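Engineer: In the working numbering, the protein residues as written are 33 to 241.
#1: Taking its Cβ as the centre, do 16 or more other Cβ atoms sit within 10 Å of residue 209, making it buried, or is it exposed?
#2: What is the rounded straight-line gap between the Cα of residue 233 and the Cα of residue 224?
#3: Could you pull out every residue in the same chain whose Cβ sits closer than 7 angstroms to the Cβ of residue 120, ignoring the five residues on either side in sequence?
#4: Reducing DSSP to helix, strand and coil, say where residue 197 ends up.
#5: Would you mind sorting residue 236 into buried or exposed? The rule is 16 or more other CB atoms within 10 Å of its CB.
#6: By how many angstroms is the C-alpha of residue 79 removed from the C-alpha of residue 72?
#7: With a CB to CB cut of under 6 angstroms and the five nearest residues on each side skipped, what residues in its chain are close to residue 173?
#8: So, at 8 angstroms on beta carbons, what are the nonlocal neighbours of residue 195 in its own chain, with the 5 sequence-adjacent residues on each side left out?
#9: Measuring straight from C-alpha to C-alpha, what distance separates residue 90 and residue 144?
#10: Which residue comes first and which comes last in the alpha helix (DSSP H) that contains residue 94?
#11: DSSP three-state label for residue 214, please.
#12: Would the beta-carbon of residue 215 fall within 8 angstroms of that of residue 162?
#13: Mind checking residue 207: buried by the 16 CB within 10 Å criterion, or exposed?
#14: Would you mind stating whether residue 166 and residue 111 have Cβ atoms separated by less than 8 angstroms?
#15: Over what stretch of residues does the beta strand (DSSP E) that includes residue 85 continue unbroken?
#16: Do the CB positions of residue 188 and residue 96 come within less than 8 angstroms of each other?
#17: Check residue 137 in the structure and name its three-state DSSP category.
#18: As a quick exercise: from 182, 185 and 169, pick the residue whose alpha carbon is nearest that of residue 106.
#19: Note down the Cα distance separating residue 186 from residue 122, rounded to an integer number of angstroms.
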């Protein structure tokens, strides 16, 4: 969860940058028209108004992500506890049948074996159902996160100040950029303010119900 940041928006941005770069590199030098086209592209690229955000900072300080991570970790513990209880009951039942085995008829032994097989299948299906529900909730939080960030960035850049807002992370595609283009603190503050406002509104709505 913490490693996803601006996945859809940044993919498009980085693709646009890489496409522009490849267009410049692939232009042949023999043609005068190609040289003119190359110059135009370079002017267009250099004229872009760019800002960037430290993705790691947002990942660690955006309260929505922190709460989402806490929720998933708690849910993971609940799932493990529920599975362990199921396993313990199955083990207890297996021990009971094992103790009864010496006095069982052949038919009873077969029935006991079938019961244990069904218990095993039931536990597997239970685990799969819980895992599916967990993944579903994880995806829901990821979608909500992306929606929140995209909506806020659209509002933040509603005046068209920037042509691109990039994600700067160690080891990422963006290797270096001037600190003067950094808008991390402003964006993070707006994200947290909006999230706090949403929580307050939700709390008030729950109180009035």
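Think of the CB as a built atom: it goes at the ideal place given N, C-alpha and C, for glycine as much as any other residue.
All figures in this text were calculated on a predicted structure; none of them were measured in a lab.
Structural biologist: By the coordinates alone:
#1: exposed
#2: 14 angstroms
#3: none
#4: strand
#5: exposed
#6: With a pLDDT of only 39 at residue 72, under 50, the local geometry of the prediction cannot be trusted, and no value is derived from it.
#7: 100
#8: 80, 81 and 82
#9: 56 angstroms
#10: Looking at the DSSP string, residue 94 is not in any alpha helix (DSSP H), and its letter there is neither H nor E.
#11: strand
#12: no
#13: exposed
#14: yes
#15: 82-86
#16: no
#17: coil
#18: 169
#19: 54 angstroms
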